[in-house]
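For reference, the structure discussed in these notes is given below.
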Amino acid sequence: MMQEFSVRFLHKTVTVTPLDEANHFMVTMNDDDEIHGIVIPELLGIIYPVEDLDVGYVWHTDSDMNMELVEFIGQMIEDRSS
């Protein structure tokens, strides 16, 4: 099973966490700011691959997360899974 990983974007960190449901990943983000020493992540959404007969797997989300970010994170998941 793939392990959790984080990606740093300027002043934010995006963390990708595998869920119990196969091929579903929780995506959270947190700023550099801490509140009383605690980092509070913001849930961006759940991403998962859907098979498309024309192009193979396409990454989708259950939220309004930017689709370019969804595809970028999906590609990182695929790279780490191989």
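Throughout, my numbering is defined as the position within the sequence shown, counted from one, plus 15.
Note that the Cβ used here is the ideal one computed from N, Cα and C, for glycine as well.
Fair warning: this is a prediction, and the values are worked out from it, not measured in the lab.
Per DSSP, cross-strand counterpart(s) of R23: The residue given as residue 23 occupies position 8 in the sequence shown. Answer is T28, bridged to R23.
Given that a residue counts as buried once 16 or more other Cβ atoms are within 10 Å of its Cβ, and exposed if not, what is L59? Walking along the sequence shown from the start, residue 59 turns up at place 44. A buried status is given to L59, since no fewer than 16 other beta-carbon atoms sit within 10 Å of its beta-carbon.
From the DSSP output, read off the bridge partner residues of G60. On the sequence shown, position 45 is the one that residue 60 refers to. DSSP, once it has assigned bridges, lists V42 as partnering G60.
If we ignore side chains and look at the alpha-carbon of each, how far apart do I62 and M44 end up? Position 47 of the sequence shown, counted from the first residue, corresponds to residue 62. Position 29 of the sequence shown, counted from the first residue, corresponds to residue 44. Our two residues, I62 and M44, have alpha carbons roughly 14 Å apart in a direct line.
Residue range of the beta strand (DSSP E) that includes G71: Against the sequence shown, residue 71 aligns to sequence position 56. 71-76 is the span of the beta strand (DSSP E), which, as asked, contains G71.
Alpha carbon to alpha carbon, how far is P33 from E93? The residue labelled residue 33 in the question sits at position 18 within the sequence shown. The residue labelled residue 93 in the question sits at position 78 within the sequence shown. Those two C-alpha atoms are separated by around 12 Å.
For V85, report the span of its alpha helix (DSSP H) as first-last. The residue given as residue 85 occupies position 70 in the sequence shown. It spans 82-96 - the alpha helix (DSSP H) in which V85 sits, taken as one unbroken run.
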